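Protein sequences appear in the order of chains A and B.
The first sequence maps to residues 0 to 361 in numbering that gives the first Met the number 0.
The second sequence maps to residues 0 to 104 in numbering that gives the first Met the number 0.
The beta-carbon is built from N, C-alpha and C at its ideal position, and this holds for glycine as well.
In this text, all values refer to a predicted model and were calculated from it rather than measured experimentally.
To start, the structure itself, in structure tokens.
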Amino acid sequence: MRRCEMISVGAGPAGLAAAIEAARNGVEVLVFDENDRAGGQLFKQIHKFFGSEEHHAKERGFNIGYGFLEEAEKLGVVVSLSSAAMGIYENRTMNVLIRGRIEQVRAEKILIATGASENMIPFPGWTLPGIIGAGAAQTIANIHGIKPGENLLMVGSGNVGLVVAYQMLQAGCQVSAIIDAAPRIGGYEVHAAKVARYGVPFFMSHTITEAAGGKWVESATISQVDKEWKPIPGTEKKFELDTVCIAVGLNPMTQLLDMLGCKMVPVPSLGGRVPAHDLGQETSIPGIYVAGDTSGIEEASTAIIEGRIAGLAIARSLGYIDDSSFLEQRDRQLKSMVGLRSGSHGEARKIAKEYINAVMKG
Amino acid sequence: MRIDDHPILGTFEKGRKVSFVFDDEAMEGFEGEPIAVALRSNGVKIHRYTKRRNEPRGIFCAIGRCTDCIMVVDGTPNVRTCVEPLKEGSVIQTQVGAGPDVARN
Chain A
0 MRRCEMISVG
10 AGPAGLAAAI
20 EAARNGVEVL
30 VFDENDRAGG
40 QLFKQIHKFF
50 GSEEHHAKER
60 GFNIGYGFLE
70 EAEKLGVVVS
80 LSSAAMGIYE
90 NRTMNVLIRG
100 RIEQVRAEKI
110 LIATGASENM
120 IPFPGWTLPG
130 IIGAGAAQTI
140 ANIHGIKPGE
150 NLLMVGSGNV
160 GLVVAYQMLQ
170 AGCQVSAIID
180 AAPRIGGYEV
190 HAAKVARYGV
200 PFFMSHTITE
210 AAGGKWVESA
220 TISQVDKEWK
230 PIPGTEKKFE
240 LDTVCIAVGL
250 NPMTQLLDML
260 GCKMVPVPSL
270 GGRVPAHDLG
280 QETSIPGIYV
290 AGDTSGIEEA
300 STAIIEGRIA
310 GLAIARSLGY
320 IDDSSFLEQR
330 DRQLKSMVGL
340 RSGSHGEARK
350 IAKEYINAVM
360 KG
Chain B
0 MRIDDHPILG
10 TFEKGRKVSF
20 VFDDEAMEGF
30 EGEPIAVALR
40 SNGVKIHRYT
50 KRRNEPRGIF
60 CAIGRCTDCI
70 MVVDGTPNVR
80 TCVEPLKEGS
90 VIQTQVGAGP
100 DVARN
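In structure tokens form, the structure reads like this:
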């Protein structure tokens, strides 16, 4: 059995930030990722981040990704790609499927930074080819360089919906409309304004009621919804199109944590069931840590900070840094989080995170 | 279908051009790109038909998670084409139900 000091499951922003921070302090780190390239969703994010310089403001996601990979390599972090974590057992032992072979690995500390998966809403016709997750549209266009379709409808006006709609315009697609069952735009105004400048109409309090077509989607019908989110007859609008993108939120990928019986807390504002964790990102199972979307849906910039904190906490628990150095560095990270968890969008996440930390204390 | 000149990303780095076969039709794609991407750039949208209702399915998540895009690749059914790299001379077939030579229960 292979042994190491720390494993990160996931080489996205949270996993890489944790690996870098831990390795910088002397920890031997092994990172697994099921994809054939590292960086998680960072390489699909072609927009500029905002916030302050320490949050990589004005940098585009993929450049942040390249920076992380370079730093991790310099520090001797081993990143094993095409490596899917299949199971996690007692004593921090894992089975990992590495290019068709199952390997058993054991670590002193394991970080679960598996990210999130997309929510979906079913409606008549939703299984037709051409109806895809917004993440699929982003992957197809920004990584592989093809248009997912010529003319699309975006369902959902959160940041994913807004950002991906803009990316589709950049890719040369037409965006018929962005719709959302909520009465207000869910994402940041900056992102909404960019799409609006292209003349894309927004239909708020509207949901998709049907998609139709022979062998792939050819039209989509939307309807206004009442206060109980029920479609109002007679308000239907029909769009001729070849693609519908669904961007109705994300939920944490917690399967490995569930296998271990980690204490989970239902928190709707963080995307569903999230693992209870302390201010060092450790879960209810000693030696098991979480960071990024797995510990509650937020953003790449908060995932990076949570990852750094987890990396520091692991370095401390392995004896590479002392308590006072850990607390000083952790508090610096928490301070830089304040700006990201404030304002109209961040405040709810801040309160939710405080609740989760409180649950952990019991 | 392919994005030639992206305003942010410019041109896309791809492997060499290779030929492959989709349902008896000769096609071209780039080595190493996902099979689903090569098919899409050739206008293919339907990857399979479901077992019970014979409904068409195509790309859905594009990251190897949902398995909606599975096809028969070089005789092997249930291959996730959105994450399976294209090889020179690959023979790709629309999958019907569980695919060939697989117990249907």
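Proximity test, Cβ basis, 8 angstroms: residue i and chain B
i        : result
A:Ala170 : yes
A:Ser116 : yes
A:His55  : no
A:Gly99  : no
A:Asn62  : no
A:Ala135 : yes
A:Lys214 : yes
A:Pro285 : no
A:Pro128 : yes
A:Val75  : According to the sequence as given, residue 75 of chain A is Gly; it is not Val. Answer no: the Cβ-Cβ gap between A:Gly75 and chain B never drops below 8 angstroms.
Buried or exposed by the 16-neighbour rule on C-beta atoms within 10 Å, applied to residue i
i        : result
A:Tyr165 : buried
A:Ile177 : buried
A:Val337 : exposed
A:Tyr197 : exposed
A:Glu72  : exposed
A:Thr206 : buried
A:Phe117 : According to the sequence as given, residue 117 of chain A is Glu; it is not Phe. Buried, since its Cβ has 16 or more Cβ neighbours within 10 Å.
A:Tyr288 : buried
A:Lys352 : buried
B:Met26  : buried
A:Pro251 : buried
B:Thr75  : exposed
A:Met5   : buried
A:Ile184 : buried
B:Asn104 : The predicted position of B:Asn104 is uncertain, since its pLDDT is 42 and thus under 50; a value taken from the coordinates is nonetheless stated next. Flag for B:Asn104 reads exposed.
A:Glu90  : Before going further, note that residue 90 of chain A is Asn rather than Glu in the sequence given. Exposed is the call here.
B:Asp23  : exposed
A:Gln103 : exposed
Sub-8 angstroms separation of residue i and residue j beta-carbons
i        : j        : result
A:Val28  : A:Ala21  : yes
A:His46  : A:Val162 : yes
A:Ser222 : A:Glu239 : no
A:Ile303 : A:Ala16  : yes
A:Ala37  : A:Phe48  : no
A:Asn158 : A:Asp277 : no
A:Leu152 : A:Ala219 : yes
A:Ile109 : A:Val243 : no
Unbroken alpha helix (DSSP H) run spanning residue i, endpoints
i        : result
A:Tyr65  : Gly60 to Lys73
A:Gly338 : Unbroken run through A:Gly338: none, as it is neither H nor E.
A:Leu259 : Gln254 to Leu259
Residue i at chain A interface by Cβ criterion, 8 angstroms
i       : result
B:Phe19 : no
B:Ile45 : yes
B:Val36 : yes
B:Arg51 : no
B:Met26 : no
B:Met70 : no
B:Leu8  : yes
B:Arg56 : yes
First through last residue of the beta strand (DSSP E) which encompasses residue i
i        : result
A:Asn94  : Thr92 to Ile97
A:Asn250 : Leu249 to Pro251
A:Gly132 : Ile130 to Gly132
A:Glu20  : Per DSSP, A:Glu20 belongs to no beta strand (DSSP E); it is in the alpha helix (DSSP H), Pro12 to Arg23.
Per-residue contacts from residue i into chain D (C-beta, under 8 angstroms)
i      : result
B:Ile2 : Of the chains in the structure shown, none is chain D; the protein chains are A and B.
Query raised in the report: Where are the beta strand (DSSP E) runs, 3 residues long or more, that stay fully inside the region 23 to 67 of chain B, in chain order?
Result: For the region 23 to 67 of chain B, whole beta strand (DSSP E) runs of length 3 or above, ordered along the chain, are 24 to 29.
Query - Whole runs of the alpha helix (DSSP H) within the region 277 to 325 of chain A, excluding any shorter than 4 residues - result: You should have 299 to 316.
Query - Segments assigned alpha helix (DSSP H), at least 4 residues, entirely inside the region 147 to 221 of chain A - result: 158 to 169 and 188 to 196
Query raised in the report: Which ranges does the alpha helix (DSSP H) cover as unbroken runs of at least 4 residues, wholly within the region 101 to 140 of chain A, from first to last along the chain?
Result: 133 to 137
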